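**Q**
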Amino acid sequence: MFHHFQECIMKRFRSFVGAVSAAVVTSIVCAGLLLGVHTPAFGEDYSVRIDQAPQDVTACEGQTVTLTVQASTNFPNPQYTFQWLDGQGNPISNGGKYSGATTNTLTISNISQAEEGQYTVVVGVSNGQVRPATAIARVTVVPAPTVTQQPQDVTVCEGQIAAMSVQVSGGLNVRYQWYANNVPVPGATSSSISQTVTAQMNGLQVYCKIISDCGEVNSNTATVTVETAPSITQQPQGGTAAIGRSFQITVQATGTAPLQYQWFKDGQAITGATSNTYTITNVTQNDAGRYKVVVTNRCGTAESQEVQVQTASVEDEAIAAGFRLSVAPMPASGAITVVVTSPVAAPATVEVIDISGRSVGTIWNGLLSGGEQKLEASIEGIAPGAYRCILRSGTYRLSTPLIIVR
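Each residue of the sequence shown is one higher than the last, beginning at 48 in my numbering.
#1: Would the region 122 to 129 count as touching the region 187 to 197 if we require 3 or more Cβ pairs under 8 Å?
#2: Let me make sure I understand the geometry here. Which of 376, 299, 193, 369 has the alpha-carbon closest to that of residue 341?
#3: According to DSSP, simplified to helix, strand and coil, what is residue 211?
#4: Rounded to the nearest angstrom, what separates residue 225 and residue 100 at their Cα positions?
#5: In this structure, what does DSSP give as the bridge partners for residue 435?
#6: So, helix, strand or coil for residue 205, using DSSP?
#7: Does the beta-carbon of residue 78 have 16 or more other beta-carbons within 10 angstroms, so that it is buried, or is it exposed?
#8: Three-state secondary structure (DSSP) at residue 522?
#9: For residue 107 and residue 139, what's the separation of their Cα atoms in angstroms?
#10: Any idea if residue 437 is buried or exposed, counting beta-carbon neighbours within 10 angstroms, 16 or more meaning buried?
#11: Measure the CB-CB distance between residue 376 and residue 440 and report whether it falls below 9 Å.
#12: Would you list, in sequence order, the uninterrupted beta strand (DSSP E) runs of no fewer than 3 residues that lie entirely inside the region 232 to 286?
#13: Which residue from 275, 212, 232 puts its Cα closest to that of residue 267?
#14: Could you say if the region 200 to 219 and the region 153 to 160 meet the contact criterion of at least three C-beta pairs nearer than 8 Å?
#15: For residue 357, write down the residues that DSSP places opposite it in a beta bridge.
#16: Classify residue 424 as helix, strand or coil using the three-state DSSP reduction.
#17: Just curious, the beta strand (DSSP E) that residue 187 is in, first and last residue?
#18: Evaluate residue 329 with the Cβ neighbour count: other Cβ atoms within 10 Å of its Cβ, from every protein chain shown; 16 or more gives buried, anything less gives exposed.
#19: Just verifying my parser: in three-state terms, what is the DSSP assignment at residue 363?
#20: Return the chain-ordered ranges of every alpha helix (DSSP H) run that is complete within the region 279 to 343 and spans a minimum of 4 residues.
#21: Looking at C-beta atoms only, is the number of pairs between the region 233 to 251 and the region 177 to 195 that lie closer than 8 Å three or more?
#22: In angstroms, rounded to a whole number, what distance separates the CA positions of residue 309 and residue 281?
#23: Among 363, 316, 447, 351, whose alpha-carbon lies nearest the alpha-carbon of residue 397?
#24: In the DSSP assignment, find the beta strand (DSSP E) that holds residue 107 and state where it starts and stops.
#25: Let me check one thing: in DSSP terms, what residues is residue 96 bridge-paired to?
#26: Considering just the uninterrupted stretch of the beta strand (DSSP E) at residue 442, what are its terminal residues?
#27: Give me the residue from 185, 98, 161 with the minimum Cα distance to residue 151.
#28: For residue 350, does the three-state DSSP call read helix, strand or coil?
#29: Please classify residue 83 as buried or exposed, where buried requires at least 16 neighbouring CB atoms within 10 angstroms.
#30: Judging by CA-CA distance, which residue of 302, 339, 304 is the nearest neighbour of residue 320?
#31: Spatial neighbours of residue 303 within its chain, please: C-beta separation below 7 Å, excluding the five flanking residues on both sides.
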């Protein structure tokens, strides 16, 4: 139709205007008056200009996003048109999450990562031949934070550094706060935490709160186990070991199990002496010396004091403890007096044994009073010969010769 009117007007005015004027008149009359659409005269250039492009947006999932464009044109009395396009260049229609798809403001409600991408707006003029303009904005959608790597339980020795960390995906403007037993740890505001531990921190429950503009989440809780190095709480004691008997040396230690023990004599490790108690069985003079124990675990070592062990005969031991024994008269025939001295009141036996060690008579079996005590006994029933009178009280033993004659 436009070409029909153009041909009509040009034929009518060709006789008194030039070709250029005829073209102008044709455009004005045919397009303007007859069609009601303003078209530029020869030499005019109408276009849309973007004055304010929509801004790139970073939003959290579930939020509402608005994209706004401002435009102008040199075309008189424009009637603007707007069309928003998605990332694939497809026109967006109103409905669902979208509204304002044909206005200067596009609104996306309850946005999700499916709506993330590039948005284009085309601004034109509906009542004239005007070059349109386009503007582009990028919409980035951030999900709520999630913990992708949880803090792990940690076992360390006292005085060492315990370290934990988390890794997080999602979230906007992510911040961190670590908690120990539900109490915020001052200054612990990064994705990792490290601290020198004390024994009192054993069993500490630690987690991280992740905070962001898109929500917050707590990590799993991890446990701090603090192990302690060995410490001697009761030192071994030396003493006098009776030859032929047993003698024990004991140490008490604390520290995280398992504890390993190694006893030493005169600086040399004793083979097999690996418990907290070392027992010398059937003591000999060679067992005299300096003894100590070293206690170890994975956190350290503790060494006991060195103690001296002396050896003595059983009778020397009894005498050292304060026992005394004598018999009168010597030699004896009908009766004897046994004088016993005990350092304390203690149960005891006094008997006569022959040269084979067989008991041939009991003189006393009862409680000795502390101090000296005289025991009278008849030996009429014992045959003449060489004997020994034996005192036994607890682990102590003392003897003296007894000769019987008739």
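All residues carry an ideal CB built from backbone N, CA and C; glycine is no exception.
Note that this is a predicted model, so its numbers are computed, not measured.
**A** To lay it out plainly:
#1: no
#2: Along the sequence shown, one-based indexing puts residue 341 at 294. Among 376, 299, 193, 369, the Cα nearest to that of residue 341 is on 299.
#3: Counting from 1 along the sequence shown, the entry for residue 211 is found at position 164. Here residue 211 carries a strand assignment [DSSP, helix/strand/coil].
#4: Here the question's residue 225 lines up with position 178 in the sequence shown. Here the question's residue 100 lines up with position 53 in the sequence shown. Cα to Cα, the separation comes out at about 42 Å.
#5: To locate residue 435, count along the sequence shown from 1; it is residue 388. Residue 435 is bridged to 400, 448.
#6: Locating residue 205 in the sequence shown gives position 158, counting from the first residue. The answer is coil: DSSP assigns residue 205 none of H, G, I, E or B.
#7: Numbered from its first residue, the sequence shown carries residue 78 at position 31. Residue placement at residue 78 cannot be trusted, given a pLDDT of 32 that sits under 50; what the coordinates show is reported in the next sentence. That one is buried.
#8: Residue numbering for the chain in the displayed model covers 48 to 453; residue 522 lies beyond these limits and cannot be assessed.
#9: Against the sequence shown, residue 107 aligns to sequence position 60. Against the sequence shown, residue 139 aligns to sequence position 92. Residue 107 and residue 139 have their alpha carbons spaced roughly 21 Å apart.
#10: Here the question's residue 437 lines up with position 390 in the sequence shown. Its Cβ being crowded by 16 or more others within 10 Å, residue 437 is buried.
#11: The residue given as residue 376 occupies position 329 in the sequence shown. The residue given as residue 440 occupies position 393 in the sequence shown. Going by C-beta atoms, residue 376 is not nearer than 9 Å to residue 440.
#12: If we require 3 residues or more, the beta strand (DSSP E) runs fully inside the region 232 to 286 come out as 239 to 243, 251 to 259, 262 to 265, 269 to 274, 278 to 281.
#13: Within the sequence shown, residue 267 is the residue found at index 220, counting from 1. Just measuring C-alpha positions, the residue of 275, 212, 232 sitting nearest residue 267 is 212.
#14: no
#15: Within the sequence shown, numbered from 1, the residue matching residue 357 stands at position 310. In the DSSP output, where bridge partners are listed per residue, residue 357 has 287.
#16: Your numbering for residue 424 matches position 377 in the sequence shown. In the structure shown, residue 424 sits in a strand (DSSP, three-state: E or B).
#17: Taking the sequence shown and counting its residues from 1, one reaches residue 187 at position 140. Residue 187 -> beta strand (DSSP E) spans 180 to 189.
#18: Taking the first residue of the sequence shown as 1, we reach residue 329 at position 282. So residue 329 counts as exposed.
#19: Start at 1 with the first residue of the sequence shown, and residue 363 comes out as number 316. Three-state result, residue 363: helix.
#20: none
#21: Verdict: no, contact absent.
#22: Your numbering for residue 309 matches position 262 in the sequence shown. Your numbering for residue 281 matches position 234 in the sequence shown. So the two alpha carbons sit approximately 16 Å from each other.
#23: One-based indexing of the sequence shown puts residue 397 at position 350. Comparing Cα positions, the closest option is 447.
#24: Against the sequence shown, residue 107 aligns to sequence position 60. Counting along the chain, the beta strand (DSSP E) containing residue 107 begins and ends at 104 to 107.
#25: Stepping through the sequence shown from its first residue, residue 96 is reached at position 49. Answer by DSSP bridge pairing, in chain order: 119.
#26: On the sequence shown, residue 442 is found 395 positions in, with the first residue counted as 1. Note, residue 442: premise wrong, no beta strand (DSSP E); not H, not E.
#27: Numbered from its first residue, the sequence shown carries residue 151 at position 104. Looking from the CA of residue 151, the closest CA among 185, 98, 161 belongs to 98.
#28: Position 303 of the sequence shown, counted from the start, is the residue given in the question as residue 350. Note: residue 350 maps to strand in three-state DSSP.
#29: Counting from one through the sequence shown, the residue named residue 83 turns up at place 36. For residue 83, the predicted model reports a pLDDT of 41, less than 50, meaning its position is unreliable; a value from the coordinates is still stated below. By the neighbour-count definition (other C-beta atoms within 10 Å, threshold 16), residue 83 is an exposed residue.
#30: Here residue 320 refers to the residue found at position 273 of the sequence shown. It is 339.
#31: As a first step, residue 303 must be located in the sequence shown, where it is residue number 256. Taken in chain order, the residues that qualify are 274, 275, 344, 346.
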